[in-house]
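S.K.: Going by our numbering, the sequence shown opens with residue 197, and the numbers climb by one from there.
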Amino acid sequence: MITGAAPAPAALPDESGHFGPYGGRFVPEALMAALDELEQAYADARADPAFGAELAELHRSYTGRPSPLTDAKRLSPHAGGARILLKREDLNHTGSHKINNVLGQALLTRRMGKPRVIAETGAGQHGVATATAAALLGLECCVYMGEEDTVRQALNVARMRLLGAEVVPVCTGSRTLKDAINEAMRDWVSTVDRTHYLLGTVAGPHPFPVMVRDFHAVIGQETRAQVLELTGQLPDAVAACVGGGSNAIGIFHEFIGEESVGLYGFEAAGDGVSTGRHAATLFAGSPGVLHGARSYLLQDADGQTAVTHSISAGLDYPGVGPEHAWLKDSGRAQYTGVTDAEAMEAFRLLCRTEGIIPAIESAHAVHGALQLGRRLGPDAVIVVNLSGRGDKDVDTAARWFDVVDEPASVREHTTGADRTEAGGVAAAPADVTVGAPGEQM
Numbered sequence: 197m198i199t200g201a202a203p204a205p206a207a208l209p210d211e212s213g214h215f216g217p218y219g220g221r222f223v224p225e226a227l228m229a230a231l232d233e234l235e236q237a238y239a240d241a242r243a244d245p246a247f248g249a250e251l252a253e254l255h256r257s258y259t260g261r262p263s264p265l266t267d268a269k270r271l272s273p274h275a276g277g278a279r280i281l282l283k284r285e286d287l288n289h290t291g292s293h294k295i296n297n298v299l300g301q302a303l304l305t306r307r308m309g310k311p312r313v314i315a316e317t318g319a320g321q322h323g324v325a326t327a328t329a330a331a332l333l334g335l336e337c338c339v340y341m342g343e344e345d346t347v348r349q350a351l352n353v354a355r356m357r358l359l360g361a362e363v364v365p366v367c368t369g370s371r372t373l374k375d376a377i378n379e380a381m382r383d384w385v386s387t388v389d390r391t392h393y394l395l396g397t398v399a400g401p402h403p404f405p406v407m408v409r410d411f412h413a414v415i416g417q418e419t420r421a422q423v424l425e426l427t428g429q430l431p432d433a434v435a436a437c438v439g440g441g442s443n444a445i446g447i448f449h450e451f452i453g454e455e456s457v458g459l460y461g462f463e464a465a466g467d468g469v470s471t472g473r474h475a476a477t478l479f480a481g482s483p484g485v486l487h488g489a490r491s492y493l494l495q496d497a498d499g500q501t502a503v504t505h506s507i508s509a510g511l512d513y514p515g516v517g518p519e520h521a522w523l524k525d526s527g528r529a530q531y532t533g534v535t536d537a538e539a540m541e542a543f544r545l546l547c548r549t550e551g552i553i554p555a556i557e558s559a560h561a562v563h564g565a566l567q568l569g570r571r572l573g574p575d576a577v578i579v580v581n582l583s584g585r586g587d588k589d590v591d592t593a594a595r596w597f598d599v600v601d602e603p604a605s606v607r608e609h610t611t612g613a614d615r616t617e618a619g620g621v622a623a624a625p626a627d628v629t630v631g632a633p634g635e636q637m
């Protein structure tokens, strides 16, 4: 039985924001003063008990923390009998882990005296959380979102606008998350005196990777206490999906010093890494500079950022946070790709066994944990960070599994092939069932 206080975390990043060879600042001179200001404001806030107390109270009374740890008793048999515990970030206000970081940065924005926040978003969850915090604190809000993502996440676009945010579709490049970050940074350069860029992941220039990590560290801190109370021991493994990497680093950080706890990140392998249509940055990428920091990224032979693909908008990103790059190189964490098809089967299985509709992003981690459980055996305890709920993905899932009843007038003019092309791989209704424990679905 392993009990007691957590060990001191690794002393990273260093003062210049580096995790070994990764991280740092690679930005225009126009942003250096803003980053220095942010770094100092964050250091001052961390040293101010009143700031911590206000954030903790917001999490208690507004976010709904602590989020529960759910014993997934009907899902676990599908993991070879390993015990699967779900850290329920999907139950937070706004529906994901994103609110943890957003409230912290929104309070910092107010502390710096800036009236406006901007943000990027892929799946829309960070945008919704930012719009929510802006409404709560009386800040102007503008969210940049790739045009492709505004279509597949239309529900979250509506939510942001209802909350008073301006949503700007980005029509350049691949029209996804990477391009939304590019546009947000352009905005920040031109409006830096009155605007804070509320970055949504642990990527970007220093101090964003450490600041966003620290605001999300509450996930791992709660998980440690909850799993000890529930099982009397630390978990054998912690699993999370990885795009930019914020939810993963939030739960990993508490356990980095615990060598007995395996850390597993699951990236978007899309149509399969061998096809080139994927976003498995750590699994298939190489070191380079993107969005102000050095880390792993997907790039072509000429060093140009690659076009990525994932059914999950929140994982459809060619970079990753620098701390994840360091964890990969050090061997402390392992990263593997999960295909669209594998993630969707895990999505369906969690729906049917636990009555939980997860975000498709989170379903990547669920699939990875099921495979991990079969490898570790029935005595293993595995915590999965369920980073968000799947309300935003119901339309995508319904089309994928072909479970929407179309009006007769539509059916007469739409072939099965047309429906499949429009919405993904169609499964016959008879196939939408839960297989026996241990079966590949």
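Where a beta carbon is used, it is the ideal one built from N, C-alpha and C, also for glycine. Predicted model only: the values in this text are computed from it and were never measured.
Count the other C-beta atoms from every protein chain shown that fall within 10 angstroms of the C-beta of E225, then say buried if there are 16 or more, exposed otherwise.
M.R.: As a first step, residue 225 is located in the sequence shown; it is residue number 29 there, counting from the start. Its Cβ having fewer than 16 others within 10 Å, E225 is exposed.
S.K.: Where does S442 fall in DSSP's three states?
M.R.: Taking the first residue of the sequence shown as position 1, residue 442 is located at position 246. Here S442 sits in helix by DSSP.
S.K.: Keeping to the same chain, check which residues put their C-beta closer than 6 Å to that of M308; ignore five residues upstream and five downstream.
M.R.: Position 112 of the sequence shown, counted from the start, is the residue given in the question as residue 308. Correct list, in chain order: A237.
S.K.: If you draw a straight line from the alpha carbon of T477 to that of Q422, how long is it in whole angstroms?
M.R.: If you number the sequence shown from 1, residue 477 lands on position 281. If you number the sequence shown from 1, residue 422 lands on position 226. Answer to the nearest angstrom: the Cα atoms are 31 Å apart.
S.K.: Taking 7 Å as the threshold (C-beta atoms), are T532 and S462 in contact?
M.R.: Indexing the sequence shown from 1 puts residue 462 at position 266. Indexing the sequence shown from 1 puts residue 532 at position 336. For clarity, residue 462 is Phe in the given sequence; the question names Ser instead. A contact, by the Cβ cut-off of 7 Å.
S.K.: Would L299 and A327 qualify as a contact pair, given that the criterion is a beta-carbon distance under 7 Å?
M.R.: As a working mapping, residue 299 is identified with position 103 in the sequence shown. As a working mapping, residue 327 is identified with position 131 in the sequence shown. For L299 and A327, no; Cβs fall outside 7 Å.
S.K.: Within the same chain, show all residues whose beta-carbon is closer than 6 Å to that of P262, passing over the 5 residues directly before and after it, in chain order.
M.R.: Taking the first residue of the sequence shown as position 1, residue 262 is located at position 66. E418, listed in sequence order.
S.K.: State the start and end residues of the unbroken beta strand (DSSP E) segment that holds A464.
M.R.: Here residue 464 corresponds to residue number 268 of the sequence shown, with the count starting at 1. Its beta strand (DSSP E) spans residues 458-466.
S.K.: Return the chain-ordered list of same chain residues with a C-beta closer than 8 Å to the C-beta of A376, the five sequence neighbours on each side being excluded.
M.R.: Taking the sequence shown and counting its residues from 1, the one referred to as residue 376 is at position 180. Counting only Cβ-Cβ distances below 8 Å, and skipping sequence neighbours, we find E316, T317, G318, Y340, M341, G342, D345, V366.
S.K.: Just to confirm before moving on: does the CB-CB distance between D267 and L373 stay below 7 Å?
M.R.: To locate residue 267, count along the sequence shown from 1; it is residue 71. To locate residue 373, count along the sequence shown from 1; it is residue 177. Not a contact, by the Cβ cut-off of 7 Å.
S.K.: Among the residues of its own chain, which have a CB less than 7 Å from the CB of E550, if the five just before and after it don't count?
M.R.: Taking the sequence shown and counting its residues from 1, the one referred to as residue 550 is at position 354. Excluding residues within five positions, the ones whose Cβ falls inside 7 Å are A268, R270, L271.
S.K.: CB-CB under 7 Å to G416, same chain, minus the five flanking residues each way: which ones, in chain order?
M.R.: Mapped onto the sequence shown, residue 416 falls at position 220. Within the same chain, G416 has close Cβ partners G446, I447, F448, H449, E450, F451.
S.K.: Cβ atoms of E285 and H293: under 7 Å apart, would you say?
M.R.: Numbered from 1 along the sequence shown, position 97 holds the residue referred to as residue 293. Numbered from 1 along the sequence shown, position 89 holds the residue referred to as residue 285. Yes. Within cutoff.
S.K.: Would you please state the rounded distance, in angstroms, between the beta carbons of I556 and A539? I believe it to be under 8 Å.
M.R.: Here residue 556 corresponds to residue number 360 of the sequence shown, with the count starting at 1. Here residue 539 corresponds to residue number 343 of the sequence shown, with the count starting at 1. Confirmed, about 6 Å.
S.K.: Just curious, the beta strand (DSSP E) that G533 is in, first and last residue?
M.R.: Start at 1 with the first residue of the sequence shown, and residue 533 comes out as number 337. Unbroken beta strand (DSSP E) run through G533: 529-535.
S.K.: Assign L394 to one of three DSSP states: helix, strand, or coil.
M.R.: On the sequence shown, residue 394 is found 198 positions in, with the first residue counted as 1. Looking at L394 - three-state DSSP - the assignment turns out to be coil, as it is neither helix nor strand.
S.K.: Please classify F411 as buried or exposed, where buried requires at least 16 other C-beta atoms within 10 Å of its C-beta.
M.R.: Locating residue 411 in the sequence shown gives position 215, counting from the first residue. Under this definition F411 is a buried residue.
S.K.: I'd like the span of the beta strand (DSSP E) that includes S482, first residue to last.
M.R.: Against the sequence shown, residue 482 aligns to sequence position 286. Unbroken beta strand (DSSP E) run through S482: 482-486.
S.K.: Taking just the CA atoms, how far does E519 sit from P405?
M.R.: Taking the first residue of the sequence shown as 1, we reach residue 405 at position 209. Taking the first residue of the sequence shown as 1, we reach residue 519 at position 323. Looking at the two C-alpha atoms, the distance is approximately 8 Å.
S.K.: Pull up the distance between the alpha-carbon of Y218 and that of Q530, whole angstroms please.
M.R.: Position 22 of the sequence shown, counting from 1, holds the residue named residue 218. Position 334 of the sequence shown, counting from 1, holds the residue named residue 530. Near 17 Å, if we compare the C-alpha coordinates of Q530 and Y218.
S.K.: To the nearest whole angstrom, what separates the beta carbons of V485 and L227, a pair I think is in contact under 8 Å?
M.R.: Counting from one through the sequence shown, the residue named residue 485 turns up at place 289. Counting from one through the sequence shown, the residue named residue 227 turns up at place 31. Actually they are not in contact, since the Cβ atoms of V485 and L227 sit about 15 Å apart, beyond 8 Å.
S.K.: Tell me, to the nearest whole angstrom, how far the beta carbon of V438 is from that of V516; I am working on the premise that it is less than 8 Å.
M.R.: For this step, residue 438 is matched to residue 242 along the sequence shown. For this step, residue 516 is matched to residue 320 along the sequence shown. V438 to V516, Cβ: 7 Å. Contact.
S.K.: Report the option in D598, I578, A229, G481 whose CA atom is closest to the CA atom of R544.
M.R.: Residue mapping note: residue 544 aligns to position 348 of the sequence shown, counting from 1. R544 has its Cα closest to that of D598, out of D598, I578, A229, G481.
S.K.: Residues in the same chain with beta-carbon distance under 8 Å from G499, minus the five sequence neighbours each way, listed in chain order, please.
M.R.: If you number the sequence shown from 1, residue 499 lands on position 303. Result list for G499: G484, in chain order.
S.K.: Within 10 angstroms of its Cβ, does Q567 collect 16 or more other Cβ (buried), or is it exposed?
M.R.: Translated into the one-based positions of the sequence shown, residue 567 becomes position 371. When all chains shown are included, Q567 counts as buried.
S.K.: Going by DSSP, which residues form a beta bridge with C338?
M.R.: For the purposes of this step, residue 338 is identified with residue 142 of the sequence shown, where counting begins at 1. DSSP lists I314, E362 as partners of C338.
S.K.: With DSSP as the reference, label N288 as helix, strand or coil.
M.R.: Start at 1 with the first residue of the sequence shown, and residue 288 comes out as number 92. Looking at N288 - three-state DSSP - the assignment turns out to be coil, as it is neither helix nor strand.
S.K.: The beta strand (DSSP E) spanning S491 covers which residue range?
M.R.: Working through the sequence shown from its first residue, we reach residue 491 at position 295. Note, S491: beta strand (DSSP E), 489-493.
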